[in-house]
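Engineer: Can you keep this structure in mind? I'll have questions shortly.
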Amino acid sequence: MVIIDITTDVKRPLEEVYGYVADLRNAPQWQSWLQSVKQDEPTRVGTKAHQSGHWMGRPLDFDSEVTEYEPGRKFSFTAGSPFPCTLSVSFGEHNGGTRIQSHLVGEPGGFFKLTEPLVKRLAAEMWGADYRRLKTLLETGVAAKAEELRA
23 MVIIDITTDV
33 KRPLEEVYGY
43 VADLRNAPQW
53 QSWLQSVKQD
63 EPTRVGTKAH
73 QSGHWMGRPL
83 DFDSEVTEYE
93 PGRKFSFTAG
103 SPFPCTLSVS
113 FGEHNGGTRI
123 QSHLVGEPGG
133 FFKLTEPLVK
143 RLAAEMWGAD
153 YRRLKTLLET
163 GVAAKAEELR
173 A
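What follows is the structure in structure tokens.
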């Protein structure tokens, strides 16, 4: 089993940070492994998305579903094979900005099960770098500009 907990403080207003992160279509901008997300409706409980990318030299394609959604506070989703997981992300005001707390629990399958110790280490490193990228995008305003262009 892979468990990763990451806390990231972002010097931006909570509603801005939450709005950006909770829209799964933004994830390829800051998650290094992810190339595309197809989501046909706004994020809420029951929203489904298809995510595609590459990690550890292997393609990853899976469907996910939002299982918890509290605007401005938290959201969670589950994803299926080949790396079944649950990601819960909570948000709160902190020192004039926003604290993001992410909790990922995954159970590698197939190829990823065979390399589980390596998967744990590489996943933790990747997620740490991805959350640092997210912080930079939000604090420099790049994320807001990307949102405006998509609208």
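Each step along the sequence shown adds one to the number in my numbering, with nothing skipped, and position 95 is 117. Every residue gets a Cβ at the ideal spot worked out from N, C-alpha and C, and that includes glycine.
1. What residues are listed by DSSP as bridge partners for G128?
2. Quick one: is K157 buried, meaning 16 or more other Cβ sit within 10 Å of its Cβ, or exposed?
3. Quick check on V32: does DSSP put it in helix, strand or coil?
4. Can you tell me which residues form a DSSP beta bridge with E90?
5. T69 to E63, Cα distance in whole Å?
6. Nearest to P81 by alpha carbon, out of W55, A101, R66, E115?
7. Mind checking who G150 pairs with in its DSSP beta bridge?
8. Which one or two residues does DSSP pair with A71 in a beta bridge?
Structural biologist: So, to answer that:
1. BP columns for G128 point to V24, C107.
2. K157 comes out buried.
3. Strand at V32.
4. DSSP lists S98 as partners of E90.
5. A straight-line Cα-Cα distance of about 7 Å links T69 and E63.
6. When only C-alpha atoms are compared, the closest one is W55.
7. According to the DSSP secondary-structure assignment, G150 is paired through a beta bridge with no residue.
8. Paired residue(s): Q61, S86.
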